[in-house]
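Numbering (the numbering used here), first residue to last: 9 to 262. From the three backbone atoms N, C-alpha and C, an ideal C-beta is built for every residue, glycine too. The next block holds one structure in the form of structure tokens; read it before the comments.
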């Protein structure tokens with residue numbers, strides 16, 4: 009059941025974590041749950057440990073740490089999936105449906121989770137054009153959330169490349185001054201004092217739009233002041249011409 013909750017979170021939030029890792033971690037924590045059931049008689053203590061210690065640890069080992077907002081989102085959605093499963097099983101027990109077959113009850117609960125993922129997935133952040141994205145540069149890669157900004161028409165006047173804009177705080181973690189070549193492009197729309205923005209090419213930028221993955225090789229990434237992204241739910245502004253805000257088939261964009 010833990011595995012279905014974690015897998016549902018992975019699919020709904022498009023985290024793209026390998027199912028094998030999710031299964032191994034959820035199995036380990038399920039065994040710990042069984043251990044607690046056998047040795048802890050206090051139901052309140054068991055509830056507190058199971059929900060706020062074990063579930064928190066399971067989410068961390070499954071998805072890792074990519075910031076407070078991302079981690080909290082993972083935790084809330086995983087807990088939501090657990091509630092859906094528990095509610096489905098409780099209803100089946102009360103209605104005496106498949107009461108003689110626990111496997112069928114678990115399959116029904118799993119089907120409820122799958123349905124929830126499909127329904128909520130269609131209504132999630134894609135409606136406001138926020139997409140999961142990934143940047144790759146050599147051995148480095150980072151996952152983040154990117155906003156498709158129709159107002160971002162910035163292009164490199166020297167190469168003609170479309171420029172997406174990355175948060176300065178994320179850029180500090182991803183780029184290195186010693187390894188990455190930086191060029192400066194005229195940029196005044198956000199009131200830059202010197203009218204220039206630092207731009208670096210990555211090996212590949214991938215934007216995930218549901219079942220569609222738009223891969224842009226040698227994408228140009230500009231670094232903006234951290235203030236631009238304060239309080240936002242995303243870390244990058246996509247160029248208006250880089251993708252289309254509709255789903256479709258997987259493609260490569262050159």
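Can you grab the Cα-Cα spacing for the pair residue i / residue j, in whole Å?
i	j	result
residue 166	residue 73	38 Å
residue 51	residue 115	27 Å
residue 163	residue 180	22 Å
residue 63	residue 250	38 Å
residue 139	residue 79	17 Å
residue 24	residue 150	12 Å
residue 31	residue 194	49 Å
residue 161	residue 221	22 Å
Would residue i be called buried (16 or more neighbouring beta carbons within 10 Å of its own) or exposed?
i	result
residue 147	exposed
residue 10	buried
residue 145	buried
residue 217	buried
residue 172	buried
residue 119	exposed
residue 243	buried
residue 183	buried
residue 247	buried
If you reduce the DSSP assignment to three classes, tell me which class residue i lands in.
i	result
residue 209	strand
residue 178	helix
residue 148	strand
residue 241	coil
residue 161	coil
residue 251	coil
residue 99	helix
residue 230	strand
residue 236	helix
residue 11	helix
Could you round the C-beta distance between residue i and residue j to whole angstroms and report it? I think they count as a contact, below 8 Å.
i	j	result
residue 174	residue 214	In fact, because the Cβ distance is near 14 Å, the residues do not count as touching under 8 Å.
residue 238	residue 226	So it is not a contact: roughly 30 Å between Cβ atoms.
Segment contact, 8 Å Cβ cut-off, at least three pairs: the stretch 15-23 with the stretch 78-96: yes
Stretch-stretch touch, CB-based, cutoff 8 Å, three pairs: the stretch 36-53 with the stretch 148-160: no
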